[in-house]
Every structure is written in structure tokens, then in C-alpha cells.
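In our numbering, the protein residues as written are 19 to 447. Glycine residues also receive a C-beta, built at the ideal position from the N, C-alpha and C atoms. Heads up, the thing below is written out as C-alpha cells.
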Ligand code: NIG
Ligand code: FE
């Protein structure tokens, strides 16, 4: 008999995502659904995933253990959101209106708005304010089924302000159930006051900021925005080589608004992920596939920018690239914490089917964070991170869009959302 502290019963479907990791090619569309499924956890780990009938035969709930009733809903892994710009201050709703009236993302940035306006607001914020903002956003993510999230700095752009953002992430993460994986994005743009000294800013990144961030254990990865308005591939390579020497994993904001060679660079440097990729070409696709670099697609950002140019998602899948999905949560190009919204956009804009989108936002997203062995699927031995959605099957997660179906969330074996509300266990690390 398997002993359990928590069992989840009454599910119409359990979507396991068990099997190959990451999901490549046709396997992306194989969610591993168990009809009338059930799940059991002991401590922070899953100990059983199977049919309800088998659970009755093989699993015993220990005295004091909990039964979570899925009430005919769908049980699936907690979402893994592998690309967010979490700890910023200020919003940019006026830019949203300006863009609706005909301004562009680039023209707003050139006039001093865009990323630089968030930098100004974030520099003004205290560590405590950023921590509180981050905690509130983690609450909302958890309520929408996300149990693991990547969080980038990149709105400080001085050593002190970047470290302040990363400290805010660390403090918030230690006080919250959601697992947070921090990334240093000091190379988001060249800050306004350094515009005439690009080389000096790059040197400060490589010689001061990256070593300081790595020494303090404040980030697991380093990201660079490679773009006409940000950093060249040559500058990015210098920055990322320094990051690699400091022991950080590598990521690139690649080929978002044009083909800047970001995908090729990510593949050549063996980056963990290349993100955005709206303008990646066939050569870039082949290299990402060969390098095993995960393509993190961000349909919310493209949608919010009203960018009609979609990334060649189907070609990437067909050619063996590991494709993941993320929100890109940030105030300029994607102000939503909801991964479910991203599932719908990936289906409607890129032609993924719901099973593919779910795999991209769970097991492949975990892989993009280097966590594929620990989370992102429901398999015995993995972390007990799951959500119960009030939908009759997984198709509804993308099909019935724009509302929050998430009713319950289990993080590391603990019930942190119940009846659509946070429980006291959501805060407390
Ligand atoms: O991922 N591409 C650059 N960075 C963000 C946007 C940040 C902003 O506009 O504040 C992105 O879309
Ligand atoms: Fe981003």
C-alpha cells in the first residue's frame, strides 16, 4: 500500500504530461490524459498518478491526511511560466492608449517612454515597495494556477538598482509558495544616462554587475535583449560569455521585432532558451533544434503590441525545437499574469492545439528553466505541484478563454488555493 498525505479525487481527467521531456515534434500533442484519474502525494512529492479505481486499491490516506475533491474538473500540473519581468514599479496604461491612437512601441521608446519609463519608476521604488508588488503578483499568478515562475530584473540598470530588484525577488520568493527562478537582465537596454558610453555600460555589466550578482547568488541565469534598440549580437556575446564564466545559465530576448541574429547566437552559446523569435529564420530554427535551446514563445506580447508577424511556431515544432510558452508579464508588452490566456493566444494565433499549448506551458516550460526533472508533469517522484480547473476536459483550458478556471492549487504537496481563494499556506515560502 502507498501511504499518502494528500489525495485528489473526483477528476474527469488527469493531464499527466508524463513521458518524454522535453516534448518534441508530435509528442508535444500527447498530454497523457487519464480519464477518471486520481493523484496522491506524500510530503512534497507525488507518490501516485493513475485511475481512481487503482487509487482505491493501492493508496491509503494516512490519519490526518487530506482529500481534495476535483468535482468533475480537470487536474493538471501547475503552470510553469518561464519568462516574466516580475519586480517592476509603475504601469504604462497611457502608452497603451498612445499605441491605440497610432504611436508605435519603438516611437514611444525613442521619445523616452517604454522600458526607460519603467526604469525611472523602478529606481524610485524602495526595496520594500518592490517586494510588496512582487508578492501581490505572485498571489495573482498562484490564483491562476502558476506554481513556478522565472523573474527577471532589467528595470534598474545600475548595479544598486538591479540588485534591489533581485533582492526584492529573493525576499518575495522566500515568503511565498510559488517557486521563483531569478534571472539577471541588466542588459535590457542601455540606460539613458549611459547612451554616449555604451562600451562603458557593457564593461560595467561584465566586470561589476554580473560578478556581484553571481557572488550573492541572486540569479541563476543572465538574459540579454538583442535588438536594434537594445544590444547588438556582439555586445550580447561579450556579456553572455562573462555570465557563463560566472556560472550563470544563458537566455536571449531574440528576434522579437526583427531578425537580429539572436537565435543563432543563443544556439552557438548553448543558451538554455531563446525567447520571442517572431522573426527567426529557417537557419535559426535548425540551430536551435541542434543545440537543444528551448524556444520560449510569448504570444501575449505579440498580441498586446498588435504585431501581425507571428513566429513560425509550427515549423519550429516540426523541426524538433523544444517549444515553451510564457506570459512575458511586464508593464509594456504583456500586462497579464494568466498563463491560461497565453494558451488561448498560442492556439488562436499560432495554431497550436490545446494539448500542445499545455505541454509548452508545463513540461517544456520546466525544461526551459532547467527544472524538467523536478516539475512540469504529474509523475511519482516529482514535486506535487498541480492545479484543479473547473472544466470537463483539458481542451476547455484554451477554448473557454479569458476567465480563470483555476479552483485549487497544490504546491509542494500543500493546498495553497482552495475554492478559488488563497489559503494561509500561500504565504510563508
Ligand atoms: O519581453 N523585449 C523587451 N523586453 C520586454 C518588454 C519590456 C517593456 O516594454 O517594459 C519584452 O517584451
Ligand atoms: Fe521579455
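- Distances taken from the Cβ of residue 346 to the heavy atoms of ligand 2 include one shorter than 7 Å.
- An exposed status is given to residue 118, since fewer than 16 other beta-carbon atoms sit within 10 Å of its beta-carbon.
- Counting only residues of its own chain and dropping the five nearest sequence neighbours on each side, residue 99 has a CB closer than 6 Å to the CB of 164, 167, 344, 345, 357.
- In this structure, the C-beta of residue 132 approaches ligand 1 to less than 7 Å from one of its heavy atoms.
- If only complete runs of 4 or more residues are kept, the stretch 64 to 89 shows the alpha helix (DSSP H) at 70 to 76, in order along the chain.
- Note that the C-beta distance between residue 338 and residue 42 is below 8 Å.
- Within 7 Å of the C-beta of residue 206 there is at least one heavy atom belonging to ligand 1.
- One thing to note: residue 401 has its Cβ within 8 Å of the Cβ of residue 63.
- Residue environment: residue 183 is assigned as buried (16 or more neighbouring CB atoms within 10 Å of its CB, all protein chains considered).
- DSSP places residue 252 inside the alpha helix (DSSP H), whose first and last residues are 251 to 263.
- Residue environment for residue 334: buried (at least 16 other C-beta atoms within 10 angstroms of its C-beta).
- Three or more beta-carbon pairs separated by less than 8 Å are not found between the stretch 54 to 73 and the stretch 383 to 393, which leaves the two stretches without contact.
- Distance from the C-beta of residue 252 to the nearest heavy atom of ligand 1 is not below 7 Å.
- Contact holds between the stretch 401 to 416 and the stretch 84 to 96, because three or more Cβ pairs, one in each stretch, are under 8 Å apart.
- About 6 Å separates the beta carbon of residue 269 from that of residue 289, a gap short enough to meet the 8 Å contact definition.
- Residue 101 is not a Cβ neighbour of residue 156, given a cutoff of 8 Å.
- Each residue's CA atom was taken as its position, placing residue 69 and residue 84 some 18 Å apart.
- When C-beta atoms of the stretch 140 to 158 are compared with those of the stretch 219 to 232, fewer than three pairs fall below 8 Å, so the two segments do not count as touching.
- Around the beta carbon of residue 192, fewer than 16 other beta carbons sit within 10 angstroms, so the residue counts as exposed.
- When beta bridges are read from the DSSP output, residue 170 appears opposite 201.
- With a cut-off of 7 Å, the C-beta of residue 321 is classified as distant from ligand 2, since no heavy atom of the ligand falls inside that distance.
- Under the three-state reduction of DSSP, residue 355 is assigned to coil, being neither helix nor strand.
- Ligand 2 never approaches residue 385 closely enough for any of its heavy atoms to be under 7 Å from the residue's Cβ.
- Taking C-beta atoms as the reference points, residue 278 and residue 245 count as a pair closer than 8 Å.
- Under the DSSP assignment, residue 21 falls outside any alpha helix (DSSP H), being part of the beta strand (DSSP E) whose first and last residues are 20 to 27.
- Around the CB of residue 162, 16 or more other CB atoms lie within 10 Å, so the residue is classed as buried.
- At the C-beta level, residue 210 and residue 148 stay beyond 8 Å of one another.
- When distances are taken from the beta-carbon of residue 101 to the heavy atoms of ligand 2, the shortest one is below 7 Å.
- Counting along the chain, the unbroken beta strand (DSSP E) around residue 425 starts and ends at 424 to 429.
- In the three-state DSSP reduction, residue 33 falls in the strand class (E or B).
- With contacts defined as CB atoms closer than 8 Å, residue 301 and residue 271 fail to qualify as a contacting pair.
- Assigned with DSSP and collapsed to three states, residue 285 falls in helix.
- At least one heavy atom of ligand 2 sits closer than 7 Å to the Cβ of residue 271.
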